[in-house]
Amino acid sequence: MELSIIIVNFNSLTFIKKCIESMFSMLETKDFKWEVVVVDNNSTDGSIDYFKNLQSQFDNFNVIASSHNSGFAKASNIGAGSASGEFLLFLNPDTEFIETGMQKVLDFFNSKNKIEKIGIVGAKLLNPDNSIQHSCRSFPTLARQFFESYFLYRIFSRSKIFGSYFLSGWNHESIRKVDWLSGAFMLIKKEVFEIIGGFDEDYFMYSEDADICLRLSRAGFKNYYFSQYSIRHDDGAVASGNKALRNSQIWRSRRLYFLKNYSLRHALLESYLFFLGVINRLLVFSLILVFKPKNRIYKERVSSEARTFKLYFSRKV
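Just so you know, we're using numbering that gives the first Met the number 0 here: the sequence shown kicks off at 0 and counts up by one.
Given below as structure tokens:
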């Protein structure tokens, strides 16, 4: 088996159906052998019945049903443990294959791996409107968090300094060595994944992708963005029903990232800067509402940022 595609699912039936259908439509079977391993985190939306039906139809489709929601990192490790492919492709359920040619991603990995140690290769991710998604970034730093919290990365998006986290001054149309890549599409050799220890299971969701890329980088591996292959990614669609919960989890995970990879002081400063970002967004959105009191979008944004505070501080951190 050459490729194992690992998808973690939690109540994402609407999205993962489209993902799997596109996969069976677009992935080549004559060029390489592949399988799908879905780890379901105790979904209640009928996902399991759908997966079991697929499993009865296709020899290369496997589902692992968890008795509880163990988070993305742990579920991904469970999927990797049962995978038989030489390569592991970690894929989000809200992605969609839109072209054939996955073989060229594998070929790129193999050719580069002859020259230098390759950790992870990511593809070009497109938003639902086909605009380019910033799916590869520079490693998080306190300075970059400051730029994000004070909107400097938006005001000076073309700046190599202020836009450095999202690499927004680059058009994402060329192959490039990068710091880290989105967990929505991460290709890695199973052997390397095991050597590095897999995803850190202390992360429930978010920042586990940046963390594994940093560990790979420190171990001498290189991570690449491969612009010659695209998939569509409806970023945040699965969590769109509760943006406050998503933001509070991002906040918590970023703090953990700095605690694990730097120091307690860095983690506290990161958390404070993220806190300031929430405050700044609350102020800006509230000010807009003064002049546009009936604007539904900004009403929702103010409410979401306020709930982010409540959720973050209402849980053990």
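Each residue gets a CB set at the ideal place from its N, CA and C atoms; glycine is no exception.
For L87, the enclosing beta strand (DSSP E) covers residues 86 to 90. In the DSSP assignment, F257 falls within the unbroken alpha helix (DSSP H) covering 242 to 260. S130 is classed as exposed because its beta carbon has fewer than 16 other beta carbons within 10 Å across all chains shown. Collapsing the DSSP output to three states places E27 in coil.
The residue from E193, L275, D233, H171 with its alpha-carbon nearest to that of E85 is E193. A residue is called buried when at least 16 other Cβ atoms come within 10 angstroms of its Cβ; D48 does not meet this threshold and is exposed. DSSP, reduced to helix, strand and coil, places N76 within a helical segment of the structure shown.
The three-state reading of DSSP puts S226 in strand, counting E and B together. Non-local C-beta neighbours of M25 in its own chain, meaning closer than 8 Å and more than five positions away in sequence, comprise F96, I97, E98, T99, M101, ordered along the chain.
Assignment of I19 by DSSP, reduced to helix, strand and coil, places it in the helix class.
In chain order, F273, Y311 place their CB closer than 6 Å to the CB of W250, counting only its own chain and leaving out the 5 sequence neighbours on each side. N40 and V289 have their C-alpha atoms spaced approximately 43 Å apart.
Residue state for K293 is assigned as coil, using DSSP reduced to three classes. In this structure, the alpha-carbon of S69 lies about 10 Å from that of D201. Looking at the DSSP output, C135 sits in a beta bridge with L180.
When C-beta atoms of the region 206 to 215 are compared with those of the region 156 to 166, fewer than three pairs fall below 8 Å, so the two segments do not count as touching. Residues of the same chain with a CB within less than 7 Å of the CB of L124, apart from the 5 flanking positions on each side, are Q132, S134, S181, A183, F184, I230, H232 in chain order. Look at the region 38 to 62 and you find these whole runs of alpha helix (DSSP H), each 4 residues long or longer: 46 to 56. When DSSP reads this structure, H232 sits in a beta bridge with T94.
R175 and G80 have their C-alpha atoms spaced approximately 30 Å apart. Residue range 189 to 195 is occupied by the alpha helix (DSSP H) that includes I195, with no beta strand (DSSP E) assigned at that position. In the assembly as shown, I296 is an exposed residue. Its beta-carbon has fewer than 16 other beta-carbons within 10 Å.
One alpha carbon belongs to D30, the other to E172, and they sit about 26 Å apart.
Counting along the chain, the unbroken beta strand (DSSP E) around I119 starts and ends at 117 to 125.
If you draw a 10 Å sphere on the C-beta of Q227, you find fewer than 16 other C-beta atoms in it, and that means exposed. Here the alpha carbons of N126 and T28 stand approximately 27 Å from one another. Contact between I119 and K111 is ruled out by a C-beta separation of about 11 Å, above the 8 Å threshold. Taking a contact as a CB-CB distance under 8 Å, the pair V35 and N76 does not count as one, their CB atoms being some 17 Å apart.
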